[in-house]
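Trainee: Just dropping this structure here.
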Amino acid sequence: MIFGIKDKIALVTAASRGLGRGCAEQLAAEGCRVAICSRNEATVKQSAEEISAKTGRKVLGLVADMSRIEDISRLLEDLRQSLGEPDILVTNAGGPPPGTYASTALEEYEKAINLTLLSAVHLIHGVTPAMKTKRWGRIIAITSISVKQPIGNLLLSNMARAGLTGFLKTIATELAPDGITVNALLPGIHKTSRIDQLVRYRADQENKSPEEIIQEMMSANPSNSIGDPSEFGAAAAFLASVQARFITGQNLLVDGGDYRGLL
Ligand code: NAD
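All you need for our numbering is the position in the sequence shown, starting with 1, plus 542.
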């Protein structure tokens, strides 16, 4: 299927590796003019070059920390100056630290809300005026399976993503008349360094090897596997497509059947 988004300008945040990078690669492969960001200049520039080499599309690597609102404003300004106003926005940020109610200090809550919830709110505020003028836009937020089924030991992530989900659903209705769709992608377990971090944590807690934990994760999934960032990125490219015009306000699980609920 041809997605009809060649030359659209796409911003994917927190995308030097992992799921964000998977989305950036697929959008570039569809012919989008892609910008990615992460916190480290050398890393983000190298990732942008690697995506360019793989897809044949020039990709811009910009520096921004999603936990800092001033970085988000500067990121959007840099993008306007270099590529223009984004037609497609994929919001992402590194996940907040793991922890339980007992282990999470009060001051961690505000940080998690800034990183996971308010970064997306600021990005969306920054891009929607131009999308409204163009009467076309695609907003895709990377959230988590945890908005359907909270994950033990990820209290901060569960909390902040639930808030973001409420925000996205509300604005989807408001932005639909302007030709802007707003959807979330809910990853189950994928092969990324975030998962490596959680695997090491569980391995320490349960006195097992990381390989045993990965094997347990794969066996617990109906597909007997874990996801690949490129498959996840393909779902983002579809939601960004012209064909997805009539899909908005949705939470799409990409989890190999891990979630067992009806809805
Ligand atoms: P990852 O650690 O592999 O990659 C995270 C990317 O974000 C990196 O490029 C990193 O440089 C960048 N980043 C981290 N913090 C940042 C910040 N403050 N500002 C800007 N860039 C930042 O992570 P991932 O597995 O790709 O996960 C992406 C998101 O999806 C996370 O929020 C994670 O919690 C969530 N998630 C992941 C999985 C999974 O299985 N991988 C499952 C559910 C939810």
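Heads up, the beta-carbon is just placed ideally off N, CA and C, and yes, glycines get one too. From a predicted model like this one, the values you see are computed outputs, not experimental measurements.
Our contact map puts threonine 685 next to alanine 726 with C-beta atoms below 8 Å; I'd like the distance itself, whole angstroms only.
Mentor: On the sequence shown, position 143 is the one that residue 685 refers to. On the sequence shown, position 184 is the one that residue 726 refers to. Indeed, because the Cβ distance is near 5 Å, the residues count as touching under 8 Å.
Trainee: Would you say the beta carbon of histidine 732 is closer than 7 Å to some non-hydrogen atom of the ligand NAD?
Mentor: Indexing the sequence shown from 1 puts residue 732 at position 190. At least one heavy atom of the ligand NAD is nearer than 7 Å to the Cβ of histidine 732, so yes.
Trainee: Identify, in the order they occur along the chain, each residue of the same chain with its Cβ nearer than 6 Å to the Cβ of alanine 571, setting aside the five sequence neighbours on each side.
Mentor: For the purposes of this step, residue 571 is taken as the residue at position 29 of the sequence shown. Closer than 6 Å at the Cβ level, and outside the excluded window around alanine 571, lie Thr597.
Trainee: Give the DSSP bridge partners of serine 580, in chain order.
Mentor: Position 38 of the sequence shown, counted from the first residue, corresponds to residue 580. Bridge partners of serine 580: Val605.
Trainee: Could you check if proline 729 belongs to the surroundings of the ligand NAD, using beta carbon to heavy atom distance under 7 Å?
Mentor: The residue given as residue 729 occupies position 187 in the sequence shown. Yes.
Trainee: Which whole-angstrom value is the C-beta distance of asparagine 763 and glycine 803, which I expect to be below 8 Å?
Mentor: The residue labelled residue 763 in the question sits at position 221 within the sequence shown. The residue labelled residue 803 in the question sits at position 261 within the sequence shown. At roughly 15 Å, the Cβ-Cβ gap does not stay under 8 Å, so asparagine 763 and glycine 803 are not in contact.
Trainee: Check whether the Cβ of asparagine 695 lies closer than 7 Å to any heavy atom of the ligand NAD, and answer yes or no.
Mentor: What you label residue 695 is simply residue 153 of the sequence shown in a count that begins at 1. Incorrect: asparagine 695 has no Cβ contact closer than 7 Å to the ligand NAD.
Trainee: How many angstroms separate the CA atom of glycine 769 from the CA atom of glutamine 623?
Mentor: As a working note, residue 769 is residue 227 in the sequence shown. As a working note, residue 623 is residue 81 in the sequence shown. Roughly 36 Å between the two C-alpha positions.
Trainee: Counting only beta-carbon atoms, is glutamine 568 nearer than 8 Å to chain B?
Mentor: Looking for chain B here will not work: only one protein chain is present.
Trainee: Quick one: grab the DSSP three-state call for alanine 556.
Mentor: What you label residue 556 is simply residue 14 of the sequence shown in a count that begins at 1. Coil at alanine 556, not helix or strand.
Trainee: Should arginine 680 be labelled buried (16 or more other beta-carbon atoms within 10 Å of its own) or exposed?
Mentor: Here residue 680 refers to the residue found at position 138 of the sequence shown. Answer is buried; the Cβ neighbour count reaches 16.
Trainee: Among the candidates Met608, Thr658 and Ile630, whose CA atom is the shortest distance from the CA of leucine 696?
Mentor: Translated into positions along the sequence shown, residue 696 becomes position 154. Of the candidates Met608, Thr658 and Ile630, the one whose C-alpha sits nearest the C-alpha of leucine 696 is Thr658.
Trainee: Alpha carbons only, please: which of Ser761, Asn766, Ala778 and Ile713 is nearest the one belonging to proline 729?
Mentor: Along the sequence shown, read from residue 1 onward, the residue named residue 729 stands at position 187. For proline 729, the nearest C-alpha among the options comes from Ala778.
Trainee: Around the Cβ of aspartate 800, are there at least 16 other Cβ atoms within 10 angstroms (buried) or fewer (exposed)?
Mentor: For the purposes of this step, residue 800 is taken as residue 258 along the sequence shown, with counting starting at 1. Buried: at least 16 other Cβ atoms inside 10 Å.
Trainee: If you draw a straight line from the C-alpha of glycine 668 to the C-alpha of serine 761, how long is it?
Mentor: Within the sequence shown, the letter at position 126 stands for residue 668. Within the sequence shown, the letter at position 219 stands for residue 761. Using only the alpha carbons, I get a separation of about 42 Å.
Trainee: Excluding the five sequence neighbours on either side, which residues of its own chain have a C-beta within less than 6 Å of the C-beta of serine 551, listed in chain order?
Mentor: Here residue 551 corresponds to residue number 9 of the sequence shown, with the count starting at 1. Looking at the sequence provided, one finds isoleucine at residue 551 rather than serine. Here the set comprises Arg575, Leu625, Gly626, Pro628 and Asp629.
Trainee: Could you pull the DSSP bridge partners for threonine 812 from this structure?
Mentor: The first residue shown for the chain is 543 and the last is 805, placing residue 812 beyond what the model contains.
Trainee: Taking the straight line between their C-alpha atoms, what separation do you get for alanine 782 and asparagine 749?
Mentor: As a first step, residue 782 is located in the sequence shown; it is residue number 240 there, counting from the start. As a first step, residue 749 is located in the sequence shown; it is residue number 207 there, counting from the start. Using only the alpha carbons, I get a separation of about 43 Å.
Trainee: Go ahead and label threonine 642 buried or exposed: buried means 16 or more other beta carbons lie within 10 angstroms of its beta carbon, across all protein chains shown.
Mentor: Here residue 642 corresponds to residue number 100 of the sequence shown, with the count starting at 1. Threonine 642 should be labelled exposed.
Trainee: Do the stretch 688–707 and the stretch 644–654 make contact, defined as three or more Cβ pairs closer than 8 Å?
Mentor: The answer is yes - the stretch 644–654 touches the stretch 688–707, with three or more Cβ pairs under 8 Å.
Trainee: Can the beta-carbon of cysteine 579 be found less than 8 Å from the beta-carbon of leucine 618?
Mentor: Translated into the one-based positions of the sequence shown, residue 579 becomes position 37. Translated into the one-based positions of the sequence shown, residue 618 becomes position 76. No; because the gap between Cβ atoms is not below 8 Å, this pair is not in contact.
Trainee: Using three-state DSSP, classify isoleucine 756 as helix, strand or coil.
Mentor: Within the sequence shown, the letter at position 214 stands for residue 756. Helix at isoleucine 756.
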